[in-house]
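6 is the number of the first residue of the sequence shown in this note's numbering; add one for each residue after it. Where a beta carbon is used, it is the ideal one built from N, C-alpha and C, also for glycine. See structure below.
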Amino acid sequence: MFQVLVPDVGEAEEIEIIELFVKAGDVVAVDDSLIVLESDKASMEIPSPAAGVILTIAVKEGDKVEEGNLILTLEEEPSAHKEPSAVLHKEPSAHKEPSAVLHKEPSADKEPSAHKEPSAHKEPAANNVHAGPAVRKRAREYGIDLTLVVSSGVKGRILKEDLQAFVKKRLSKKEQPVSGSGIPAIPEVDFTKFGSIEYQPLSRIKRATARNLHRSWLNVPHVTQFDEADITELELFRKSQNQEMANAGIKLTPLAFMIKACVNALIKFPQFNASIEAGYENLILKRYYNVGIAVETAEGLVVPVLKDADKKGLVELGNECAALAGLARDKKLPMDAMQGATFTISSLGGIGGTKFTPIVNAPEVAILGVSKSKIGPVWDGEAFIPRTLLPLSLSYDHRAIDGAEAARFTTYLAQVLGDVRRLLL
Ligand code: CAO
6 MFQVLVPDVG
16 EAEEIEIIEL
26 FVKAGDVVAV
36 DDSLIVLESD
46 KASMEIPSPA
56 AGVILTIAVK
66 EGDKVEEGNL
76 ILTLEEEPSA
86 HKEPSAVLHK
96 EPSAHKEPSA
106 VLHKEPSADK
116 EPSAHKEPSA
126 HKEPAANNVH
136 AGPAVRKRAR
146 EYGIDLTLVV
156 SSGVKGRILK
166 EDLQAFVKKR
176 LSKKEQPVSG
186 SGIPAIPEVD
196 FTKFGSIEYQ
206 PLSRIKRATA
216 RNLHRSWLNV
226 PHVTQFDEAD
236 ITELELFRKS
246 QNQEMANAGI
256 KLTPLAFMIK
266 ACVNALIKFP
276 QFNASIEAGY
286 ENLILKRYYN
296 VGIAVETAEG
306 LVVPVLKDAD
316 KKGLVELGNE
326 CAALAGLARD
336 KKLPMDAMQG
346 ATFTISSLGG
356 IGGTKFTPIV
366 NAPEVAILGV
376 SKSKIGPVWD
386 GEAFIPRTLL
396 PLSLSYDHRA
406 IDGAEAARFT
416 TYLAQVLGDV
426 RRLLL
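So, in structure tokens, the structure goes:
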């Protein structure tokens, strides 16, 4: 019977059992890995000194041990005995010098001697990561690039569990192939190598938004058409109306005008109030006008839908929009209030910015981004005059809409917003 003992590990003060590969009753071959020890200076894998059966194990993962402590006992298979190459105590007399048998890893950039493999199998980049020989061995067996594995061990050390998590994640990705497969994945970086980090869990809404946006971004060939509407008169009208209606508690917002003008443009250009059929046989034109409004909430982006916007007046549109945004922020929006949009408006006008490229909310084919209006110079034929200009950014699905149509759409939108009497036509 062999007794495998903790070897001399130099000046190390504390030695920890990092990994146990065997349990009582396991049959092992000579040089099979039994256990990984780690001190503050090195990791070492203890190979089996003989072929045989594990009788008892005296330690468990995480135990702190000292030189000479018993690790396990092994019943040798009579025929397979080989001169022991590990730290062992063969009863009654075969004690060997332990220092000769360690597979020491003085620094993480050295492959353990027990794993001599053709150089083609080596991963040069992985040498810079912090991982024990057992983890490295397993990574090689499964062809895992250790630089892609996120570590959870002390000082960025990659643990066995990290490898398992990595493999699980990769497998689950295969089960749910994303559209456009073949897109190279962004490498997962262990940011702890560069500084301290913190995990901030994403809300359910943010997770759903991430999935939806990713899907749209991959599926929809986006183009964004920019334009500017001169809303000088609109603003004068809006403000005068607000003064008149203040006592009734009514407030007309720029957004209400935007919705009204968009519905007008959607009626004139029906291909923007549509979806493209899979297989590209048809454009599905919708004869209803439901406008989604992007609303920022503490939990993330929510898009309530203003139904039948073509049948509503400016005040009603403004009130309903405010009510839906309120419900969204209070997390009281019913499910059906977020469905059925035919076109979306994302207004950042209350915040700032000059223009942006919104992502189409597929299966819709267009989305209007609205930025903050500003006073700018407009040439009237004789001089530059100060006017209030509203930046418009229309992103559209180029499969369904041509560039010329998009330019006509924004031109028309700008005309309507420039002279709201056109809304009556
Ligand atoms: N230019 C200049 N001022 C504007 C403006 C514009 N385009 N649009 C709105 N404003 C003004 C309003 O008149 C209001 O001013 P007063 O208080 O003086 O009347 C102020 O900005 C605040 O408006 P608001 O943003 O609260 O209201 P709104 O009706 O314009 O927008 C809503 C409502 C729900 C769209 C908005 O609150 C919101 O959540 N916007 C963010 C949307 C978002 O995150 N989009 C990004 C999606 S993609 O990631």
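Tell me the start and end of each unbroken beta strand (DSSP E) in the stretch 209-275 that is at least 3 residues and wholly inside, in chain order. Taken in chain order, the complete beta strand (DSSP E) segments of 3 or more residues contained in the stretch 209-275 are 227-235.
### Reduced DSSP category for Tyr293 - H, G, I as helix; E, B as strand; rest coil
In the three-state scheme derived from DSSP, where H, G and I count as helix and E and B as strand, Tyr293 is classed as coil.
Check: According to the neighbour-count rule (16 or more other Cβ atoms, all chains shown, within 10 Å of its Cβ), is Val194 buried or exposed?
Finding: With fewer than 16 other Cβ atoms within 10 Å, it is exposed.
Quiz prompt | Straight-line gap, Ile372 to Ala170 (C-alpha atoms, nearest Å) | solution = Each residue's alpha carbon lies about 39 Å from the other.
#### Entry: Three-state secondary structure (DSSP) of Val320
Here Val320 sits in helix by DSSP.
Looking only at C-alpha atoms, which of Asp235, Thr258, Leu288 and Pro363 sits nearest to Gly381?
Closest by C-alpha distance to Gly381, out of Asp235, Thr258, Leu288 and Pro363, is Asp235.
Burial state of Gly57 (16 or more Cβ within 10 Å): Residue burial is scored here from C-beta neighbours: Gly57 has at least 16 other C-beta atoms within 10 angstroms and is therefore classed as buried.
_So if I measure from each beta-carbon to every heavy atom of the ligand CAO and keep distances below 6 Å, which residues remain?_
In chain order, the qualifying residues are Thr258, Pro259, Leu260, Ile298, Ala299, Val300, Glu301, Leu306, Ala330, Ser351, Ser352, Leu353, Gly354, Gly355, Pro363, Val375, Lys377, Ser378 and Leu395.
Val296 to Lys256, Cα distance in whole Å? Spanning the two alpha carbons is a distance of roughly 20 Å.
| query | So, is Gly423 buried or exposed, given that buried needs 16 or more other C-beta atoms within 10 angstroms? | reply | A residue is called buried when at least 16 other Cβ atoms come within 10 angstroms of its Cβ; Gly423 meets this threshold and is buried.
- Between Asp31 and Pro52, is the Cβ-Cβ spacing less than 9 Å? At a Cβ-Cβ threshold of 9 Å, Asp31 and Pro52 do not count as neighbours.
Could you check if Leu329 is buried or exposed, using at least 16 other CB atoms within 10 Å of its CB as the buried criterion?
The residue is buried, with at least 16 neighbouring Cβ atoms inside 10 Å.
**Message:** If the criterion is Cβ atoms closer than 9 Å, does the pair Asn217 and Asn366 meet it?
**Reply:** Yes, Cβ-Cβ distance for Asn217 and Asn366 is below 9 Å.
Q) Name the DSSP beta bridge partners of Ile188, please? A) Its beta-bridge partners do not exist; DSSP assigns none.
Out of Ile264, Lys291 and Leu223, which has the shortest C-alpha to C-alpha gap to Pro275? Measuring from the Cα of Pro275, the nearest candidate turns out to be Lys291.
Output the boundary residues of the alpha helix (DSSP H) element that contains Val140.
-> From DSSP, the alpha helix (DSSP H) with Val140 extends over Pro138 to Tyr147.
Cα-Cα separation, Ala314 to Leu322:
Each residue's Cα considered, the two are about 7 Å apart.
Nonlocal neighbours in the same chain, by C-beta distance under 7 Å from Leu399, ignoring five residues either side: Same-chain partners within the cutoff: Thr229, Gln230, Ala371, Leu373, Ala411, Phe414 and Thr415.
Q.
In this structure, how does DSSP classify Gly331 when only helix, strand and coil are distinguished?
A. Correct three-state label for Gly331: helix.
Mind reading off the beta-carbon distance from Val308 to Met343? Whole number of angstroms is fine, and I expect it under 8 Å.
Right, the Cβ-Cβ distance comes to about 6 Å (below 8 Å), so this counts as a contact.
- With a Cβ-Cβ cutoff of 9 Å, do Ala55 and Ile76 count as a contact? Going by C-beta atoms, Ala55 is not nearer than 9 Å to Ile76.
(message) Quick check on Leu429: buried or exposed, where buried means 16 or more other Cβ atoms within 10 Å of its Cβ?
(response) So Leu429 counts as exposed.
Whole-number beta carbon distance between Met263 and Ile364, since they are thought to touch under 8 Å: Separation of the CB atoms of Ile364 and Met263 is rounded to 18 Å, and the pair is thereby denied contact status at 8 Å.
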